[in-house]
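Asks: Numbering (mature numbering (1 follows the signal peptide of the UniProt record, and there is no 0)), first residue to last: -20 to -1, 1 to 134.
Yeah, the Cβ is synthetic: ideal placement off N, Cα and C, and Gly gets one too.
From a predicted model like this one, the values you see are computed outputs, not experimental measurements.
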């Protein structure tokens, strides 16, 4: 009888573990969000910035978006105006590494980049870790935050 009960416990434990593994792998493959979708959106954003497509970027930027640069921080309207006026021209972002994490309907993308830009009429190249926060509302991703952290010694 002890052997039967022990065998039954082993069988039930194995069945529960197999069911949990199946659910875990199903939730990974059926994720409502796609890392690649966010990576592609970020790449488009960099191209739009290089092309100075301020109106296209304005549609991507959330109304309450915040932008953090080496020289300060500001909201959507000022960022769009800076791009329109050429105050900052993001000429090329050489993306070296990228990762994406999701928290609910929020995507956090980290990129290690080497940015070629014209700032105040001077062409500069800087290594950055860039944090982009995207929020999905009404089935559409918008950029909620863009922050540049300059890497030292690169």
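1) What is the C-beta distance between residue 122 and residue 41, in whole angstroms, given that I count them as a contact (C-beta under 8 Å)?
2) Contact between the segment 112 to 128 and the segment 84 to 97 is defined here as three or more beta-carbon pairs at a separation below 8 Å; is this criterion met?
3) For the segment 62 to 81 against the segment 95 to 107, do three or more pairs of beta-carbon atoms, one drawn from each stretch, fall closer than 8 Å, so that the two count as touching?
4) Are the segment 55 to 63 and the segment 77 to 85 in contact at 8 Å, needing three or more beta carbon pairs?
5) Skipping 5 residues on each side, what residues in its chain have a beta carbon closer than 6 Å to that of residue 126?
6) What did DSSP end up calling residue 29 once you bin it into helix, strand or coil?
7) So, are the CB atoms of residue 45 and residue 52 less than 8 Å apart?
8) Could you please give the first and the last residue of the uninterrupted beta strand (DSSP E) stretch that includes residue 44?
9) Hey, how far is the Cα of residue 27 from the Cα of residue 76?
10) Tell me which residues share the same chain as residue 109 and place their Cβ nearer than 6 Å to its Cβ, disregarding the 5 neighbours each side in the sequence.
Replies: So, from the listed chains and residues:
1) 7 Å
2) yes
3) yes
4) no
5) 47, 112
6) helix
7) no
8) 41 to 49
9) 15 Å
10) 92, 129
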